[in-house]
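Q:
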Amino acid sequence: MKITEILKLDSIISDLKSTDKKGVIEELAQSVAQTSKASSDEITKVLLEREQLGSTGIGGGIAIPHGKLNAINSITLGFGLSRSGVEYDSLDNKPVHIFFLLLTPENSTGGHLKVLAQISKLLKMDQFKLDLKQAESVQQIFEIIQEVDEDF
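The sequence shown begins at 258 in the numbering used here and counts up by one.
1) From Lys302 to Ala290, what does the alpha carbon distance come to, in whole angstroms?
2) Looking only at DSSP bridge pairs, what is Val353 linked to?
3) Tell me, to the nearest whole angstrom, how far the beta carbon of Gly337 is from that of Leu273; I am working on the premise that it is less than 8 Å.
4) Starting from Leu326 and walking both ways along the beta strand (DSSP E), at which residues does that stretch end?
5) Could you name the residues of the same chain whose beta carbon sits closer than 8 Å to that of Leu305, not counting the 5 residues immediately before and after it, in chain order?
6) Inspect the CB distances between the region 340-349 and the region 364-381 and report whether three or more fall short of 8 Å.
7) Would you give the residue range spanned by the beta strand (DSSP E) that Ile427 belongs to?
8) Do you know how far the Cα of Asn364 is from the Cα of Asp349?
9) Leu264: which of Val372, Gln309 and Leu387 sits nearest, CA to CA?
10) Quick one, are the C-beta atoms of Leu334 and Pro362 less than 8 Å apart?
11) Counting C-beta neighbours from all protein chains within 10 Å, is the total for Leu358 16 or more, i.e. buried, or is it exposed?
12) For the alpha helix (DSSP H) that contains Ala392, what are its first and last residues?
13) Can the beta-carbon of Val353 be found closer than 8 Å to that of Ser271?
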């Protein structure tokens with residue numbers, strides 16, 4: 258499964274404005290809600306509940322907020338880039354710049370894990386992360402992801 262088969266241009270934010278965890282989650286949820294059947298409030302609630310179990314800030318300037326929703330029928334993906342970085346309670350206590358938001362239907366387990374694994378593979382590549390941080394537009398972010406995604 259390719260990331261770019263799921264990620265929509267309308268779900269990419271090239272310059273997040275929020276400066277804290279809750280704000281980023283709300284901003285990403287609003288973006289993803291445009292292309293899903295769920296409301297931004299539903300998405301925000303699920304993601305904040307998941308964060309209470311443990312931070313999805315995995316370190317290295319990356320967070321992958323994720324959750325499951327009954328309101329959606331298919332895997333939904335969003336992306337956000339913070340130029341200044343956001344304090345996110347990451348494992349390494351460093352600010353997060355790169356956010357992949359993942360939502361899956363409540364009854365989907367296999368798809369959820371496959372997409373998380375795919376995102377993790379991409380984020381192990383230092384040049385990929387650097388290119389994303391330097392991207393200046395939604396289109397450029399999508400093309401960077403698409404270029405690397407084709408290699409898998």
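No residue lacks a Cβ here, since even glycine has one placed at the ideal position from N, Cα and C.
A: According to the structure shown:
1) Walking along the sequence shown from the start, residue 302 turns up at place 45. Walking along the sequence shown from the start, residue 290 turns up at place 33. C-alpha separation (whole angstroms): 13 Å.
2) Stepping through the sequence shown from its first residue, residue 353 is reached at position 96. DSSP lists Val343 as partners of Val353.
3) Mapped onto the sequence shown, residue 337 falls at position 80. Mapped onto the sequence shown, residue 273 falls at position 16. Indeed, because the Cβ distance is near 5 Å, the residues count as touching under 8 Å.
4) Counting from 1 along the sequence shown, the entry for residue 326 is found at position 69. DSSP places Leu326 inside the beta strand (DSSP E), whose first and last residues are His323 to Leu326.
5) Position 48 of the sequence shown, counted from the start, is the residue given in the question as residue 305. For Leu305, where only same-chain residues beyond five positions count, the Cβ hits under 8 Å are Lys279 and Ile282.
6) Counting Cβ pairs under 8 Å, fewer than three are found: no touch.
7) Look at the range of the chain in this structure, 258 to 409, and you will see that residue 427 is not part of it.
8) Sequence index remark: in the sequence shown, residue 349 carries index 92 (1-based). Sequence index remark: in the sequence shown, residue 364 carries index 107 (1-based). In this structure, the CA atom of Asp349 is about 32 Å from the CA atom of Asn364.
9) Translated into the one-based positions of the sequence shown, residue 264 becomes position 7. From the listed residues Val372, Gln309 and Leu387, the smallest Cα separation to Leu264 is found for Val372.
10) The residue given as residue 334 occupies position 77 in the sequence shown. The residue given as residue 362 occupies position 105 in the sequence shown. Taking 8 Å as the Cβ cut-off, Leu334 and Pro362 do not qualify as a contacting pair.
11) Walking along the sequence shown from the start, residue 358 turns up at place 101. Buried, because 16 or more other Cβ atoms sit within 10 Å of the Cβ of Leu358.
12) Along the sequence shown, read from residue 1 onward, the residue named residue 392 stands at position 135. For Ala392, no alpha helix (DSSP H) run applies, since DSSP gives it neither H nor E.
13) By 1-based counting over the sequence shown, the position of residue 353 is 96. By 1-based counting over the sequence shown, the position of residue 271 is 14. No, the Cβ-Cβ distance between Val353 and Ser271 is not below 8 Å.
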